[in-house]
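For reference, the structure discussed in these notes is given below.
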Amino acid sequence: MPTFLERSAALPHLGLGISTEYGARRSPGALDPRALRREHPGLGGFLEVGVEIERGLDADARAWVADGGPTTYHFLDVNLDEPEDLDPGWLAAVRGTVDELRPAWLCGDAGLWHFGTRDRGQMLLLPPVLVPESVAPMAAGLVALRQATGHEVLPENPPGAFFVGPMHVLELFAAVAEAADTGLLLDCAHLAMFQRSRGLAFDAGFDALPWERVIELHVAGGSERAIEGLPVVDDDHGIEVLPDTWAIFEGALARAGNLRAVVVECERNPLPDVLPLFRRVASAWGVDAR
Ligand SMILES: [Fe+2]
37 MPTFLERSAA LPHLGLGIST EYGARRSPGA LDPRALRREH PGLGGFLEVG VEIERGLDAD
97 ARAWVADGGP TTYHFLDVNL DEPEDLDPGW LAAVRGTVDE LRPAWLCGDA GLWHFGTRDR
157 GQMLLLPPVL VPESVAPMAA GLVALRQATG HEVLPENPPG AFFVGPMHVL ELFAAVAEAA
217 DTGLLLDCAH LAMFQRSRGL AFDAGFDALP WERVIELHVA GGSERAIEGL PVVDDDHGIE
277 VLPDTWAIFE GALARAGNLR AVVVECERNP LPDVLPLFRR VASAWGVDAR
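Mind the numbering: the sequence shown is residues 37 to 326 in the numbering used here, read in order.
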């Protein structure tokens, strides 16, 4: 079996892309991914499709695929560390969706996507407990999903205002990547939330990460709020990117030599509003921003 670094040579360079999930364009003024790709091919290089199997794919995702646009499959409904969550019915539906999307790879936040059984009323997203005991079950789920789909599965560091457990989130994901021999998706905005929650510098934990495994980055806007006096960051996917998210993104670009894809997560904003953000991301990465 070739190692991930050997296998990664076959992963395509997708460039700059955008994310979507079922019904995202119903928000007033939301971005039309196909219009972005038509008008700015350098900015709409691929579509990261958020998939909750029970909802399926919406018309926008299907139209993108019909145009021949590249995709990645971002899962929104699996607790990787629960073997019973990768049940035969769900896996069959995932394979069917993979056949439709023909994604370059699968990815998704490695955390708790539901509390209790997988049910529409119980969907949420919680980060994993940051202890060494979390590593092996999560790695086992990643390997099982990779084997079931025949595609690489890149775990993403989830958002959170609070994190339980003593490890640094990058330390945990480094250990998971080694144990599953997989690549990684680093969400710069989610990492900024973690660093703030612990009172750490933007680049704390950078030395722990095997950067050659980082295949994809996410950049997203966030806003600072206070809940009963407690400062938190709302991962709102708006157009204002916090300074620490930028610093993490630029630091990641300098280190991630195997990078294939960057997603600007801004699916519910109008195109003219997000263009400056796209251009800044493109110029930081040194890609064509037309
Ligand atoms: Fe993300």
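For each residue, glycine too, the CB sits at the ideal point set by N, CA and C.
Please tell me whether, using a cut-off of 6 Å, the distance from the CB of residue 309 to the nearest non-hydrogen atom of ligand 1 is below it. Translated into positions along the sequence shown, residue 309 becomes position 273. Not so, every heavy atom of ligand 1 lies at least 6 Å from the Cβ.
Assess, as a yes-or-no matter, whether the stretch 132 to 146 is touched by the stretch 87 to 99 under the definition of 3 or more beta carbon pairs within less than 8 Å. yes
Return yes when the Cβ of residue 112 is within less than 7 Å of the Cβ of residue 88, no when it is not. Translated into the one-based positions of the sequence shown, residue 88 becomes position 52. Translated into the one-based positions of the sequence shown, residue 112 becomes position 76. At a Cβ-Cβ threshold of 7 Å, residue 88 and residue 112 count as neighbours.
If you count every other CB in all the chains shown that lies within 10 Å of the CB of residue 251, and 16 or more means buried, which is it? For the purposes of this step, residue 251 is taken as residue 215 along the sequence shown, with counting starting at 1. Residue 251 comes out buried.
Separation of residue 237 from residue 286, as counted between CA atoms: For the purposes of this step, residue 286 is taken as residue 250 along the sequence shown, with counting starting at 1. For the purposes of this step, residue 237 is taken as residue 201 along the sequence shown, with counting starting at 1. Cα to Cα, residue 286 sits roughly 14 Å from residue 237.
How many angstroms separate the CA atom of residue 276 from the CA atom of residue 315? Within the sequence shown, residue 276 is the residue found at index 240, counting from 1. Within the sequence shown, residue 315 is the residue found at index 279, counting from 1. Using only the alpha carbons, I get a separation of about 14 Å.
For residue 86, which three-state DSSP category applies? Stepping through the sequence shown from its first residue, residue 86 is reached at position 50. DSSP places residue 86 within a strand segment (E or B) once states are collapsed to three.
Supposed close pair residue 253, residue 298 - CB separation, criterion 8 Å: To locate residue 253, count along the sequence shown from 1; it is residue 217. To locate residue 298, count along the sequence shown from 1; it is residue 262. With a Cβ gap of about 5 Å, residue 253 and residue 298 count as contacting.
Following the continuous alpha helix (DSSP H) through residue 291, name the residue where it begins and the one where it ends. One-based indexing of the sequence shown puts residue 291 at position 255. First-last of the alpha helix (DSSP H) with residue 291: 279 to 291.
Does the distance between the C-beta of residue 239 and the nearest non-hydrogen atom of ligand 1 fall short of 6 Å? Here residue 239 is taken as the residue at index 203 of the sequence shown, counted from 1. For ligand 1, not one heavy atom lies less than 6 Å from the Cβ of residue 239.
For residue 192, list the residues DSSP reports as bridge partners. Residue numbering aside, residue 192 sits at position 156 when the sequence shown is read from its first letter. Bridge partners of residue 192: 145 and 221.
Start-end ranges of the beta strand (DSSP E) lying completely within the stretch 66 to 144, minimum 3 residues: 82 to 87 and 107 to 111
Can at least three beta-carbon pairs, one atom from the stretch 213 to 220 and one from the stretch 259 to 276, be found at a separation below 8 Å? Of all C-beta pairs linking the stretch 213 to 220 to the stretch 259 to 276, fewer than three are shorter than 8 Å, placing the two stretches out of contact.
Ignore the nearest five residues each way along the sequence and tell me which others in residue 65's own chain have a CB closer than 6 Å to its CB. Numbered from 1 along the sequence shown, position 29 holds the residue referred to as residue 65. Excluding residues within five positions, the ones whose Cβ falls inside 6 Å are 306.
Taking just the CA atoms, how far does residue 239 sit from residue 284? Counted from its first residue, the sequence shown places residue 284 at position 248. Counted from its first residue, the sequence shown places residue 239 at position 203. Residue 284 and residue 239: Cα-Cα distance of roughly 7 Å.
Measure the alpha-carbon distance for residue 70 versus residue 40 and round it to whole angstroms. To locate residue 70, count along the sequence shown from 1; it is residue 34. To locate residue 40, count along the sequence shown from 1; it is residue 4. Approximately 32 Å, taken between the alpha carbons.
From what residue to what residue does the alpha helix (DSSP H) around residue 311 run? To locate residue 311, count along the sequence shown from 1; it is residue 275. First-last of the alpha helix (DSSP H) with residue 311: 307 to 321.
Sequence-distant residues of its chain with Cβ nearer than 6 Å to residue 173 (five each side left out): Position 137 of the sequence shown, counting from 1, holds the residue named residue 173. Here the set comprises 117.
Taking residue 45 as part of the beta strand (DSSP E), name the residues at either end of that continuous run. Here residue 45 refers to the residue found at position 9 when the sequence shown is read from its first residue. Premise fails: residue 45 is in no beta strand (DSSP E) and is neither H nor E.
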